[in-house]
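To start, the structure itself, in structure tokens.
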Amino acid sequence: MRVSTAQMLNAMQQAMERNYERYHLAQQTVVTGKRIQRPSDDPFGASLGITLHRLLQESEQYQRNLTTAKNFLSITDVALENLNDLLRQTKSLAVQAATDTQSDEGRAAIAQQIRQIMAEVVSIGNNTTYGDRFIFAGLRTLTAPFTVSGDTLTYHGDHGDLNVEVSPAVVMSVNVQGDPLITGIYNAIAQVKHYVETNDIERLSREGLQELQNQLNNLLRTRAVVGSKIQQVEMIQQRLDKRKVDFTELLSGIEDADVADAVTRLKMAETTYQVTLATMARLENLSLLDFLT
Amino acid sequence: MPWTFFGIELASRALQSMQMAMNTTGHNLANINTPGYSRQRVNLATTEPQVLQGVKTLFMGTGVRVDSIQRIRDIFLDGRIAATNSEYQRLNTLYQRLTQVEDVFSEPTDAGLSRQIVAFFNAFQELSTNPENVGTRAGVYQQAEGMTRTFRQLAGRLDEIFAEMEQRVQATAGEINRIAKSIADLNVKIRHNKALGTAPGDLLDNRANLIEKLSEYVNVRATEMPDGTVRVSIGEFALVDAERAGALPQGVVYASANKGFTDGAGVHVRVTGGSVRGLMDAMEYISAYRARLDTLANELVSAVNAIHQTGYGLDGNTGYRLLEGTDALTIRVSEDIADINHIAAGVTSAPGDGGKALEIARLRQTPLVGLDNKTIPDYYTAIVAELGEHTRAASAGQESQKIILQNLQAERESVSGVNMDEEMANLLRYQRSYQAAAQLVSVMDAAIADMLAAFVGRR
Numbered sequence: 029m030r031v032s033t034a035q036m037l038n039a040m041q042q043a044m045e046r047n048y049e050r051y052h053l054a055q056q057t058v059v060t061g062k063r064i065q066r067p068s069d070d071p072f073g074a075s076l077g078i079t080l081h082r083l084l085q086e087s088e089q090y091q092r093n094l095t096t097a098k099n100f101l102s103i104t105d106v107a108l109e110n111l112n113d114l115l116r117q118t119k120s121l122a123v124q125a126a127t128d129t130q131s132d133e134g135r136a137a138i139a140q141q142i143r144q145i146m147a148e149v150v151s152i153g154n155n156t157t158y159g160d161r162f163i164f165a166g167l168r169t170l171t172a173p174f175t176v177s178g179d180t181l182t183y184h185g186d187h188g189d190l191n192v193e194v195s196p197a198v199v200m201s202v203n204v205q206g207d208p209l210i211t212g213i214y215n216a217i218a219q220v221k222h223y224v225e226t227n228d229i230e231r232l233s234r235e236g237l238q239e240l241q242n243q244l245n246n247l248l249r250t251r252a253v254v255g256s257k258i259q260q261v262e263m264i265q266q267r268l269d270k271r272k273v274d275f276t277e278l279l280s281g282i283e284d285a286d287v288a289d290a291v292t293r294l295k296m297a298e299t300t301y302q303v304t305l306a307t308m309a310r311l312e313n314l315s316l317l318d319f320l321t
Numbered sequence: 003m004p005w006t007f008f009g010i011e012l013a014s015r016a017l018q019s020m021q022m023a024m025n026t027t028g029h030n031l032a033n034i035n036t037p038g039y040s041r042q043r044v045n046l047a048t049t050e051p052q053v054l055q056g057v058k059t060l061f062m063g064t065g066v067r068v069d070s071i072q073r074i075r076d077i078f079l080d081g082r083i084a085a086t087n088s089e090y091q092r093l094n095t096l097y098q099r100l101t102q103v104e105d106v107f108s109e110p111t112d113a114g115l116s117r118q119i120v121a122f123f124n125a126f127q128e129l130s131t132n133p134e135n136v137g138t139r140a141g142v143y144q145q146a147e148g149m150t151r152t153f154r155q156l157a158g159r160l161d162e163i164f165a166e167m168e169q170r171v172q173a174t175a176g177e178i179n180r181i182a183k184s185i186a187d188l189n190v191k192i193r194h195n196k197a198l199g200t201a202p203g204d205l206l207d208n209r210a211n212l213i214e215k216l217s218e219y220v221n222v223r224a225t226e227m228p229d230g231t232v233r234v235s236i237g238e239f240a241l242v243d244a245e246r247a248g249a250l251p252q253g254v255v256y257a258s259a260n261k262g263f264t265d266g267a268g269v270h271v272r273v274t275g276g277s278v279r280g281l282m283d284a285m286e287y288i289s290a291y292r293a294r295l296d297t298l299a300n301e302l303v304s305a306v307n308a309i310h311q312t313g314y315g316l317d318g319n320t321g322y323r324l325l326e327g328t329d330a331l332t333i334r335v336s337e338d339i340a341d342i343n344h345i346a347a348g349v350t351s352a353p354g355d356g357g358k359a360l361e362i363a364r365l366r367q368t369p370l371v372g373l374d375n376k377t378i379p380d381y382y383t384a385i386v387a388e389l390g391e392h393t394r395a396a397s398a399g400q401e402s403q404k405i406i407l408q409n410l411q412a413e414r415e416s417v418s419g420v421n422m423d424e425e426m427a428n429l430l431r432y433q434r435s436y437q438a439a440a441q442l443v444s445v446m447d448a449a450i451a452d453m454l455a456a457f458v459g460r461r
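Chains as they are written, first to last, in the working numbering: chain A, 29 to 321; chain B, 3 to 461.
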């Protein structure tokens with residue numbers, strides 16, 4: 029084939045450009061460590077990447093939601109345990125008061141202790157907070173839920189559930205409303221106090237103690253529910269942590285360049301480019317002109 | 003018998019011919035880097051022999067002449083190069099433009115819309131767990147602001163690119179008309195010269211270059227007429243016919259299969275190749291992406307508001323809009339929630355109620371009828387994936403067309419291009435011939451001098 033001078037130079041130039049482009053791309057891959065710089069590098073991989081990024085980003089939010097849920101539930105759990113102690117104290121005081129040998133002074137002292145316990149129950153209802161939110165107020169979280177006048181407890185909260193999405197499409201209510209739980213406990217204790225004050229041993233040892241036991245049982249059920257929710261949250265947290273690792277790995281497999289491979293390619297591209305340049309320099313010296321004098 | 007100065011005349015014809023050959027070689031060497039130049043070859047031929055009548059009839063050679071200066075060119079290659087060039091330019095232009103669009107979308111990076119959308123919904127999740135908090139509300143406002151801004155920027159940049167492309171198409175139409183005029187002018191000159199006997203190679207080269215330039219812009223077909231003129235057409239539309247140059251109409255049609263130019267009154271020039279078609283293809287894609295972004299923005303606004311407007315803000319009121327606007331360019335955070343306490347997190351007016359916020363957060367998992375039963379994130383991801391596919395296809399196409407084009411160009415260079423060594427060898431050959439002819443002159447001169455001296459001596 030006849031080859032014109034320009035044709036040879038063109039071919040060299042094209043080869044040089046092509047090799048330089050390859051060199052440049054290989055360099056970019058090594059520098060950024062990314063296989064996918066733009067959607068067209070791998071449309072399927074890119075859209076998978078976007079989805080995985082989204083899931084990871086959403087997982088982070090779920091982690092925050094779970095932390096909130098767990099904090100709510102744990103604080104509730106502690107408060108319920110304290111209520112449990114107060115109920116037990118009341119019960120032993122009631123048993124003490126129900127004995128015939130008790131003097132009037134002794135009963136008065138017991139009534140005084142029970143009054144103390146009632147104040148503590150109200151205090152738990154009003155002072156259990158998460159940040160500045162009253163945990164036992166239903167959804168009226170910005171107002172202290174209880175006021176007392178005489179022995180009557182009034183609830184100012186509502187009966188709304190505080191729902192938290194803990195994983196996709198799984199919603200968990202994380203609050204226990206102050207009514208009927210705390211109002212029930214308070215009323216049972218107030219009743220006991222009333223029997224002690226009026227020395228009604230008959231009703232104290234039957235209805236009074238029975239109602240305390242009912243409240244204890246009820247509290248136990250509520251604690252079991254809260255406890256199982258805490259367990260569930262912890263399980264989901266672990267699952268999310270694992271999912272995060274899996275997704276990150278998957279994402280890396282899609283988006284990240286194989287470093288060893290990328291460096292090898294860069295080295296190869298570099299060598300090819302150097303050879304092209306050297307050939308070009310040699311070619312320039314090759315002309316009939318150099319042999320004519 | 004030949005006449006006395008016959009030999010000198012013969013030598014002088016040889017000198018002239020060799021000089022022309024050397025000049026042509028020089029012309030070739032001078033144009034070794036001129037794009038589109040076709041090398042020229044001096045075709046030498048013997049002159050008419052002289053008939054000598056004697057006992058026998060003798061034919062005596064009378065020397066050399068330049069028969070023609072031939073332009074070495076394969077015109078069939080020109081047609082194939084033009085067609086390939088059009089297709090290459092179409093794909094390359096499309097590829098370049100879609101790359102620009104990819105830059106605008108900035109996926110997959112933190113600046114892309116996809117992460118803004120997720121962040122927006124995450125903010126509502128956060129709000130649902132903490133609806134009383136001013137910081138969480140501010141977070142919702144900020145993310146809504148960020149997401150809508152990204153929508154608007156995206157749409158705005160797409161519109162800019164689109165407008166710039168439309169201008170480019172119109173400017174190119176003007177350029178095509180100017181080139182058509184130049185080709186028509188060259189047609190006239192070439193026809194005139196051809197009538198006189200020869201078509202000058204350099205004019206033909208100029209014209210071929212112009213046609214090739216046209217093929218960068220649009221699909222062209224050039225047909226050479228017996229009188230030396232070319233007829234250049236874009237599909238059915240005659241752009242140049244002998245000395246007449248047509249003008250492309252100004253109207254740009256990009257949104258149908260019949261892409262091209264129209265005057266709105268029946269003249270429609272269908273364009274199937276070249277950078278103009280590449281721009282039109284890109285315009286069609288971009289307006290489709292833009293339309294889908296609009297749909298997404300519109301659906302997002304109405305779906306979010308439908309929930310938000312039935313919820314209660316911390317001020318105990320309901321009916322507030324969260325977002326406003328009807329498309330990607332007008333979507334914005336509503337004035338209604340300029341006071342962030344108006345953000346409606348609750349199903350009720352209880353401050354700890356995050357029920358509505360949760361509903362909005364869960365909207366991201368809900369397939370929407372207006373989005374072809376896709377969820378909001380999936381609908382967006384599909385746009386990006388399609389953009390990626392389009393760009394990749396254009397990239398692969400332009401690469402293979404480029405190789406075909408380069409091969410064809412090499413083939414033409416092989417025929418028409420100048421080889422310096424070859425020309426140097428020719429130069430050497432013509433130079434030696436010239437020297438020999440010069441020597442011939444001096445020998446003839448000496449012979450004549452001798453003859454004259456003999457006459458003078460006898461007198």
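Backbone N, C-alpha and C define an ideal beta-carbon position, used for all residues, glycine too.
What A/ASN93 touches in chain B, judged by beta-carbon distance under 9 Å, is GLN127, GLU128, SER130, THR131, going in chain order. Under the Cβ criterion (8 Å, minimum of three pairs), the region 348-356 of chain B counts as touching the region 308-326 of chain B. Checking the DSSP bridge columns, you'll see A/SER195 partnered with A/VAL198. Interface criterion met: the Cβ of B/ALA427 is under 8 Å from a Cβ in chain A. A contact between stretches requires three or more CB pairs, one per stretch, nearer than 8 Å, and the region 34-47 of chain A fails this requirement with the region 61-74 of chain B. Look at A/ARG30 here: in three-state DSSP terms it is coil, with no helix or strand label. In this chain, the alpha helix (DSSP H) harbouring B/ASP187 covers 136-198. Ranked by Cα distance from B/TYR219, the first of B/GLN55, B/LEU281, B/ASN35 is B/LEU281. Ranking B/GLN155, B/ALA456, B/ASP452, B/LEU96 by CA distance to the CA of B/ARG292 puts B/GLN155 first. In the structure shown, the three-state DSSP call for B/TYR39 is coil. Cβ-Cβ distances below 7 Å link B/ARG82 to LEU410 in the same chain, with the five nearest sequence neighbours on each side left out; the list follows chain order. The region 223-300 of chain B is shown to contain whole beta strand (DSSP E) runs of 3 or more residues at 223-226, 232-236, 239-243, 253-255, 262-264, 270-272, in chain order.
Relative to the Cα of A/LEU111, the nearest Cα in the group A/PHE319, A/ILE217, A/ASN99, A/THR57 belongs to A/ILE217.
Linking A/GLY281 to A/THR79 through their CA atoms gives a straight-line distance of about 14 Å. In the DSSP assignment, B/PHE7 falls outside any beta strand (DSSP E), carrying neither H nor E. Straight-line spacing of the CA atoms in B/GLY63 and B/PRO51 works out to 5 Å. According to the DSSP assignment, B/ILE71 belongs to the beta strand (DSSP E) that extends over 66-73. Close partners of A/THR104 in chain B (Cβ separation under 8 Å) are lacking, with about 14 Å as the shortest Cβ gap. By the criterion of a C-beta distance shorter than 6 Å, A/VAL254 is surrounded in its chain by LEU101, THR104, ASP105, once the five residues flanking it on both sides are discounted.
By the CB criterion at 8 Å, A/LEU94 and A/THR250 fall outside the cutoff. Sequence-distant Cβ neighbours of A/ASN99 in its own chain, meaning closer than 7 Å and more than five residues away, are TYR158. Boundaries of the beta strand (DSSP E) around A/VAL176: 174-177.
The beta carbon of B/ALA210 sits closer than 7 Å to those of GLY38, ASP80, all from its chain and outside the five residues before and after it, given in chain order. Taking a cut-off of 8 Å on C-beta distances, the region 171-184 of chain A touches the region 144-157 of chain A, as three or more cross pairs fall below it.
Within 7 Å of the CB of B/GLU391, the CB atoms of chain A belong to PRO71, in sequence order along the chain.
By the rule that beta-carbons nearer than 8 Å mark a contact, A/ALA285 does not touch chain B. When the beta-carbon positions are compared, A/LEU232 and A/ALA137 stay at least 8 Å from each other. Relative to B/GLU89, the option among B/ALA396, B/ARG434, B/LEU430, B/ASN428 whose CA is nearest is B/ALA396.
Listed along chain B, the residues sitting closer than 7 Å to A/MET29 by beta-carbon distance are SER416. For A/ARG161, the beta-bridge partners assigned by DSSP are A/TYR158. Listed by position along chain A, the residues whose Cβ is nearer than 8 Å to that of B/MET422 are THR33, SER315, LEU316, LEU317. Taking a Cβ-Cβ cut-off of 7 Å, the neighbours of B/ASP355 in chain A comprise LEU167, GLY188, given in sequence order. Legend: CB atoms of the region 193-204 of chain A lying less than 9 Å from CB atoms of chain B belong to residues GLU193, PRO196, ALA197, VAL199, VAL202, ASN203. Taking 8 Å as the cut-off, the Cβ atoms of A/VAL176 and A/THR96 do not count as close. Within chain A, the residues whose beta carbon sits less than 7 Å from that of B/ILE34 are THR33, ALA34, listed in sequence order. Of the candidates A/PRO173, A/ALA74, A/VAL199, A/VAL199 places its Cα closest to the Cα of A/VAL261.
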